[in-house]
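Student: Sending over a structure as structure tokens; questions will come in a sec.
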Amino acid sequence: MTTENHPREPRLLPWAGQDGKPCYVISEGRGPVTDLADGLEEMQLSMAVQLLDHSRAALSREQPPERAELLFITNRLTESLSDAVRVADSRGRRLP
Numbered sequence: 076m077t078t079e080n081h082p083r084e085p086r087l088l089p090w091a092g093q094d095g096k097p098c099y100v101i102s103e104g105r106g107p108v109t110d111l112a113d114g115l116e117e118m119q120l121s122m123a124v125q126l127l128d129h130s131r132a133a134l135s136r137e138q139p140p141e142r143a144e145l146l147f148i149t150n151r152l153t154e155s156l157s158d159a160v161r162v163a164d165s166r167g168r169r170l171p
């Protein structure tokens with residue numbers, strides 16, 4: 076989208092609005108909302124790496140994880156993968 080009023084396509088933000096609907100911001104690439112989004116994306120990706128390390132360690136133990144731990148890991152991995160996909164989608168939309 077390239078017009079005088081909206082020089083860029085809206086940026087998909089790394090959080091959802093009410094009812095899980097996506098949130099967007101239109102900006103020139105800098106500003107408080109953009110900076111907040113950048114920081115949150117960085118945190119989400121960092122947490123995903125830590126969770127992946129934890130999951131690998133739990134699954135490589137001699138004694139397999141208990142059902143409750145597997146359920147916890149599965150739920151956190153699902154959340155983390157959802158965040159990572161949203162970040163990838165947002166960043167992919169901003170590629171030239």
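Per my numbering, residue 76 is the first one in the sequence shown, and the count goes up by one each step. Beta carbons are placed, not taken as given, at the ideal position from N, Cα and C, and that holds for glycine.
So for residue 115, helix, strand or coil by DSSP?
Tutor: helix
Student: Under DSSP, the alpha helix (DSSP H) around residue 142 begins and ends at which residues?
Tutor: 142 to 168
Student: Are the beta-carbon atoms of residue 89 and residue 161 separated by less than 8 Å?
Tutor: For residue 89 and residue 161, yes; Cβs fall inside 8 Å.
Student: Nearest-angstrom Cα distance between residue 140 and residue 124?
Tutor: Answer to the nearest angstrom: the Cα atoms are 20 Å apart.
Student: With a threshold of 16 other CB atoms inside 10 Å of the CB of residue 112, please say whether the residue is buried or exposed.
Tutor: Buried, because 16 or more other Cβ atoms sit within 10 Å of the Cβ of residue 112.
Student: Can you tell me which of the three DSSP states residue 86 falls into?
Tutor: DSSP places residue 86 in strand when its eight states are reduced to three.
Student: Quick check: the Cα distance between residue 144 and residue 95, rounded to an integer number of angstroms?
Tutor: 27 Å
Student: Given a threshold of 16 other Cβ atoms within 10 Å of its Cβ, counted over all protein chains shown, does residue 155 qualify as buried or as exposed?
Tutor: buried
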